[in-house]
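To keep things clear, I will list the structure first and then write my remarks on it.
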């Protein structure tokens, strides 16, 4: 999946917590979100509006808010791809050790066949391309 297609798909599916997402889709999203957040923080710092003890400024706060829900839904769908409940996303948010488990799971290859959360998204995407 190409970069722009992946980012566009993440925004389109921003409230879709069911189904599955590929590793590539997640990695493109992380690259996109990290890049725009760095740019937003630099804008806040250059405008002297960045609040260091809160690690946020007006521009980075707006960008972070806009990308929060797509990030959560994509994370849940990615967990579904490795046959894990989306509720595990809370472990990554609440507990330090949970973050390491979450990163490990998010980077694992997805199930190659259908699992309880749906069909393999990689195979589904290939079928759409062939049609």
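Residue numbers (the numbering used here): 1 to 131. Glycine residues also receive a C-beta, built at the ideal position from the N, C-alpha and C atoms.
Can you pull the DSSP bridge partners for residue i?
i: residue 15; result: For residue 15, which the question treats as bridged, DSSP gives no partner whatsoever.
i: residue 51; result: 56
Which class does residue i belong to by DSSP, given the choice of helix, strand or coil?
i: residue 82; result: coil
i: residue 30; result: helix
i: residue 64; result: helix
i: residue 118; result: strand
i: residue 56; result: strand
i: residue 129; result: Confidence in residue 129 is poor, its pLDDT being 47 and thus under 50, which makes the residue's placement unreliable; the coordinate value appears in the next sentence. Here residue 129 sits in helix by DSSP.
i: residue 3; result: helix
i: residue 22; result: coil
i: residue 92; result: helix
i: residue 75; result: helix
i: residue 44; result: helix
i: residue 10; result: helix
Could you spell out where the alpha helix (DSSP H) holding residue i opens and where it closes?
i: residue 101; result: 96-107
Check the C-beta distance from residue i over to residue j and give it rounded, since I have them as a contact under 8 angstroms.
i: residue 23; j: residue 110; result: 7 angstroms
i: residue 81; j: residue 33; result: Contact doesn't hold; Cβ gap of about 19 angstroms is too wide.
i: residue 43; j: residue 59; result: 5 angstroms
Compare the C-beta of residue i against all C-beta atoms of chain B and say whether one is closer than 7 angstroms.
i: residue 92; result: Among the protein chains of the structure shown there is no chain B, as only one such chain exists.
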